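Chains as they are written, first to last, in this note's numbering: chain S, 26 to 144; chain B, 80 to 193.
As structure tokens, the structure follows; a few thoughts come after it.
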């Protein structure tokens, strides 16, 4: 079984400050990890993913995430927050082994973290 | 433009009625998914389909039904048996066999029971 935890329902930061949105995961095999962003009444948009290789992954809109295998974490970060970054952020995990069985592509999502960036 | 389209954006249903939510994609993706989103509960998987004419129950399938007669289309019916259908529904698609790729989402349908 796979699971994702986003321990913070809400993160508040001031514009220009760095931001971190936390995510921890649990899978039996190797993880594929994803971050998505959702604006009000819209679908989810892909931000970035970790598949293999460098632990620091860079994505859209200046976001990056760091994969930490020992801590089973994949925290989303941005060096300088913008008011327009305010949205709902979801972390998702997929087990690498699902490539080879009939459930390929079934992801588990966290409950989401609302990021508010104040001017 | 390739993408995934959900319609309608807003839907109102009377209690006891069935309603069908549309999801169409022109990305040539094999796999399609339906999620339900409630405040504070993230996304919960209702049904998914890996290939045409095949679909599987997700975590909360009771009160819902789907069909996958065409690769491009994966409609979701919310039946009268679904006790609390008011929610935001999201459809997504993915290339099967490429599980390292990200999912593409539609813009969602907000269903309200009146």
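All C-beta atoms, glycine included, are put in the ideal place defined by N, C-alpha and C.
As the structure is a prediction and not an experimental result, all values here were calculated from the model.
Rounded straight-line distance, which links the Cα of residue j to that of residue i
i: residue 62 of chain B; j: residue 133 of chain B; result: Coverage of chain B is limited to positions 80 through 193, which leaves residue 62 of chain B absent and any answer about it impossible.
i: residue 44 of chain S; j: residue 100 of chain S; result: 10 Å
i: residue 123 of chain B; j: residue 134 of chain S; result: 8 Å
i: residue 70 of chain S; j: residue 82 of chain B; result: 12 Å
i: residue 58 of chain S; j: residue 49 of chain S; result: 10 Å
i: residue 160 of chain B; j: residue 141 of chain B; result: 8 Å
i: residue 162 of chain B; j: residue 101 of chain B; result: 21 Å
i: residue 150 of chain B; j: residue 105 of chain S; result: 42 Å
i: residue 65 of chain S; j: residue 165 of chain B; result: 17 Å
i: residue 30 of chain B; j: residue 110 of chain B; result: An answer regarding residue 30 of chain B cannot be provided, because it is not within the stretch 80 to 193 covered by chain B.
i: residue 95 of chain S; j: residue 94 of chain B; result: 50 Å
i: residue 183 of chain B; j: residue 193 of chain B; result: 30 Å
i: residue 154 of chain B; j: residue 143 of chain S; result: 40 Å
Where residue i meets chain B, residues with beta-carbon distance less than 7 Å
i: residue 136 of chain S; result: 119, 120 and 121
i: residue 132 of chain S; result: 182
Proximal chain S residues relative to residue i, where beta-carbon distance stays under 9 Å
i: residue 189 of chain B; result: 66
Cross-chain neighbours of residue i in chain S, by beta carbon under 7 Å
i: residue 181 of chain B; result: 59, 71 and 74
i: residue 185 of chain B; result: 68
Within-8 Å CB hit, residue i to chain B
i: residue 47 of chain S; result: no
Residue i at chain S interface by Cβ criterion, 8 Å
i: residue 169 of chain B; result: yes
i: residue 127 of chain B; result: yes
Span of the beta strand (DSSP E), counted from its first residue to its last, around residue i
i: residue 76 of chain S; result: Counting along the chain, residue 76 of chain S falls outside any beta strand (DSSP E), and DSSP gives it neither H nor E.
i: residue 125 of chain B; result: 122-130
i: residue 100 of chain S; result: 98-103
i: residue 107 of chain B; result: First-last for residue 107 of chain B: undefined, no H or E at that position.
i: residue 37 of chain S; result: 35-39
| Taking Cβ-Cβ distances below 8 Å as the criterion, which residues of the region 82-101 of chain S are in contact with chain B? | Cβ contacts with chain B come from no residue of the region 82-101 of chain S.
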